[in-house]
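This note's numbering applies: residue 45 is where the sequence shown begins, and numbers increase by one.
We put the CB at the ideal spot given by N, CA and C, even for glycine.
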Amino acid sequence: MNIDITKMSSKGQSVIPKEMRKNFGIGEKFAIIDNGKQLILKRLKDMPRNFEEDKITFLDLYHKDHQ
45 MNIDITKMSS KGQSVIPKEM RKNFGIGEKF AIIDNGKQLI LKRLKDMPRN FEEDKITFLD
105 LYHKDHQ
């Protein structure tokens, strides 16, 4: 696991550090999950196939990842 620091611009943009980007392609799509304390980026291709159709909640995803 890599940890780094970034900040949000006045336009709401944030840069993913180069070392972390190298494993992802240009145009890669992510789900952004806000649980009230943290923002989590998950690659869409790693999400359940029915994610967008069923609107799976953060708790559903969290429990699947931590079983």
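Distance CB(residue i)-CB(residue j) smaller than 9 Å
i	j	result
F74	K66	no
I113	I70	The requested residue 113 does not occur in the structure, where the chain is confined to residues 45 to 111.
M113	S58	The shown model of the chain, from 45 to 111, leaves out residue 113, and the question about it has no answer.
P61	D48	yes
Identified DSSP bridge partners for residue i
i	result
F74	R87
DSSP state of residue i mapped onto helix, strand, coil
i	result
M64	helix
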